[in-house]
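Letter by letter, the sequence shown follows residues 1 to 328 in UniProt numbering.
All remarks here apply to the structure that follows.
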Amino acid sequence: MTPVQAGRFARIALGHVTRPYPHKADHVMTGDADVYRPQRVHPIFFGSFDWHSCVHGYWLLARVRRLFPVVAEAAAIDTLFADAFTAEKVEAERAYLDRPMSRGFERPYGWAWLLMLQGELMVGDSPHAATLRPLADAFADRWRAHLPLMTYPVRAGTHANTAFALVLADRYARVVGDEPLRDRMAEHARRWFGGDRGAQAWEPSGEDFLSPVLMEAMAMERLLPAVDFAAWFDAFLPALAGGMPATLLTPAQVSDRSDGRIAHLDGLNLSRAWAMRSLAAATDGPARRVLETAAADHLAAAIEAVAGDYMGEHWLASFGLLALTGTD
């Protein structure tokens with residue numbers, strides 16, 4: 001990651017986090033009174049096509065601001081944050097969660113990204129962390145309450161993926177020092193994934209932006225002691241050192257970047273690169289080299305696709321930043 005790339009990503013996000021339309025709502029109406037105008041009910045996160053993409057657009061900006069404090073876009077980020085993160089706007093976002101039909105709003109993808117944003121603001125000693133905290137606390141409470149209700153994890157390669165939410169929520173829990181939450185997530189991860197062996201990696205599906213196999217591995221790497229993870233990972237991907245399964249290590253092809261769902265596959269390449277780099281750091285020997293090579297291939301396949309068509313542009317740079325800088 002270079003200051004030039006950081007500035008490019010920041011400009012992309014600045015161009016869409018306050019762009020109100022087009023907009024895809026996660027909103028249930030029970031009557032005429034529930035007619036939805038995005039900026040009225042979401043005065044902070046109304047842009048970027050949908051709520052969760054706007055949240056991780058702000059995360060991108062907060063992270064660039066922290067890692068590259070002299071980037072030319074820093075002043076624009078500061079101005080945006082001062083306008084967005086006010087107590088009144090945060091309370092409006094939080095109050096939306098009180099609606100009876102908002103129980104499943106953005107679960108778990110948006111929840112996890114909001115926690116990531118809060119963690120990034122806290123690590124950067126941003127004054128906006130205190131302002132955003134009531135909303136972050138509300139989503140952290142929802143996550144704690146939801147975990148014991150999940151008899152089974154969601155293994156999809158899209159927003160509902162449970163393991164991806166565990167990875168992002170773990171980052172937040174580490175930042176705030178919430179070890180009971182980490183312990184609870186580790187307990188559930190062991191129950192959901194602990195017996196998984198010989199992953200076949202029948203992926204990607206045509207609209208994936210997450211690898212179910214790699215997200216699961218990342219969650220276990222973050223939440224298990226290193227020795228336990230090493231034994232589990234060897235059994236989970238036993239042929240990895242030999243370059244198998246090939247479908248997991250081969251970048252996805254994207255046929256139409258103007259189609260928002262097909263464009264997910266650019267995100268898959270970027271999120272795979274992020275996961276592979278993270279897992280390589282926790283592995284050694286031939287498996288590590290396989291992961292590092294595949295990560296470079298996936299990154300090269302998608303990093304230039306973060307801008308161009310709005311159906312990818314409103315979110316892909318966040319995944320590019322994950323691939324290049326991780327979460328720490």
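All C-beta atoms in this analysis are idealised placements derived from N, C-alpha and C, irrespective of residue type, glycine included.
Proximity test, residue i beta-carbon vs the ligand ADP heavy atom, cut-off 8 Å
i: Cys-54; result: The ligand content of the structure shown is nil, which means the ligand ADP is not present either.
Boundaries (first-last residue) of the alpha helix (DSSP H) holding residue i
i: Glu-88; result: 87-96
i: Leu-114; result: 109-123
i: residue 335; result: The first residue shown for the chain is 1 and the last is 328, placing residue 335 beyond what the model contains.
i: Met-215; result: 212-223
i: Thr-79; result: 74-84
i: Thr-325; result: 316-325
i: Met-311; result: 310-313
Outcome for residue i when other beta-carbon atoms lying within 10 angstroms are tallied against a minimum of 16
i: Thr-131; result: buried
i: Ala-82; result: exposed
i: Met-218; result: buried
i: Gln-118; result: buried
i: Glu-179; result: exposed
i: Arg-223; result: One point to set straight first is that residue 223 is Leu, not Arg, in the sequence displayed. So Leu-223 ends up on the buried side.
i: Met-29; result: exposed
i: Leu-149; result: exposed
i: Arg-103; result: exposed
i: Ser-271; result: buried
i: Pro-38; result: buried
i: Asp-32; result: exposed
i: Ser-255; result: exposed
i: Glu-187; result: exposed
i: Pro-204; result: buried
i: Gly-206; result: exposed
i: Met-185; result: buried
i: Arg-63; result: buried
i: Arg-261; result: exposed
i: Asp-170; result: buried
i: Asp-284; result: exposed
i: Tyr-251; result: The question names Tyr, yet the displayed sequence has Pro at residue 251. With 16 or more other Cβ atoms within 10 Å, it is buried.
i: Gly-326; result: exposed
i: Met-215; result: buried
i: Met-101; result: exposed
i: Ser-211; result: buried
i: Val-70; result: exposed
i: Asp-266; result: buried
i: Asp-183; result: exposed
i: Ala-145; result: exposed
i: Asp-34; result: exposed
CA nearest to the CA of residue i, picked from the options
i: Leu-321; options: Glu-304, Met-311, Asp-309; result: Glu-304
i: Trp-315; options: Ala-301, Arg-66, Ala-165, Gly-47; result: Gly-47
i: Pro-134; options: Thr-151, Pro-100, Thr-162, Lys-89; result: Lys-89
i: Glu-153; options: Pro-127, Ser-126, Arg-107, Tyr-172; result: With the sequence shown as reference, residue 153 is identified as Pro, and Glu is not the correct amino acid for it. Residue Arg-107 is the option with its Cα nearest to Pro-153.
i: Trp-192; options: Thr-86, Ser-255, Val-176, Thr-162; result: Thr-162
i: Asp-328; options: Ser-278, Gln-5, Phe-229; result: Ser-278
i: Val-176; options: Met-215, Ala-226, Met-116; result: Met-116
i: Thr-151; options: Ala-189, His-159, Met-122, Ala-165; result: Ala-189
i: Val-213; options: Ala-226, Gly-206, Leu-237, Val-227; result: Leu-237
i: Arg-142; options: Asp-98, Asp-50, Glu-120; result: Asp-98
i: Asp-125; options: Phe-49, Gly-308, Arg-66; result: Arg-66
i: Ala-294; options: Met-276, Ala-282, Gln-253, Gly-308; result: Met-276
i: Tyr-36; options: Val-4, Tyr-96, Met-311; result: Tyr-96
i: Leu-61; options: Ala-10, Lys-24, Arg-94; result: Ala-10
i: Leu-240; options: Trp-59, Ala-186, Ala-201, Arg-184; result: Ala-201
i: Pro-22; options: Leu-14, Ala-307, Asp-50, Gly-285; result: Asp-50
i: Leu-291; options: Arg-182, Tyr-58, Gly-242; result: Gly-242
i: Phe-164; options: Glu-221, Leu-121, Met-122; result: Glu-221
i: Gln-253; options: Glu-120, Ala-263, Pro-245; result: Ala-263
i: Asp-259; options: Gly-312, Ala-282, Leu-249; result: Gly-312
i: Leu-114; options: Glu-73, Pro-127, Tyr-58; result: Tyr-58
i: Asp-228; options: Ala-282, Thr-86, Ala-317; result: Ala-282
i: Gly-157; options: His-128, Asp-208, Leu-121, Val-306; result: Asp-208
i: Pro-127; options: Leu-248, Ala-246, Ala-84; result: Ala-84
Contact with chain C by residue i, beta-carbon distance below 9 Å
i: Leu-224; result: Annotation note: the requested chain C is absent from the structure, which comprises a single protein chain.
Of all the beta strand (DSSP E) runs that stay within the bounds of the segment 231-303, which reach a length of 3 or more residues? Those beta strand (DSSP E) runs which fall completely within the segment 231-303 and span 3+ residues do not exist here.
In chain order, which alpha helix (DSSP H) runs of at least 4 residues are fully inside the segment 146-199? Taking 4 residues as the shortest admissible run, the segment 146-199 contains the following complete alpha helix (DSSP H) segments, listed from N- to C-terminal end: 162-176, 179-193.
Determine, using beta-carbon pairs with one atom in the segment 289-299 and one in the segment 231-239, whether at least three such pairs fall under 8 Å. Taking one beta carbon from each stretch, the segment 289-299 and the segment 231-239 have fewer than 3 pairs nearer than 8 Å; the two do not touch.
Would you say the segment 136-144 touches the segment 193-204, given that touching needs at least three Cβ pairs under 8 Å? The segment 136-144 makes no contact with the segment 193-204: fewer than 3 CB pairs, one atom from each, lie closer than 8 Å.
Taking contact to mean at least 3 C-beta pairs separated by less than 8 Å, is the segment 4-22 in contact with the segment 49-67? Contact between the segment 4-22 and the segment 49-67 is present, with at least three C-beta pairs closer than 8 Å.
What are the complete alpha helix (DSSP H) segments, minimum 4 residues, inside the segment 22-55? Whole alpha helix (DSSP H) segments, 4+ residues: 38-41.
Between the segment 73-82 and the segment 30-49, do three or more beta carbon pairs fall short of 8 Å? By the C-beta criterion, the segment 73-82 is judged not to be in contact with the segment 30-49, since fewer than 3 inter-stretch pairs fall below 8 Å.
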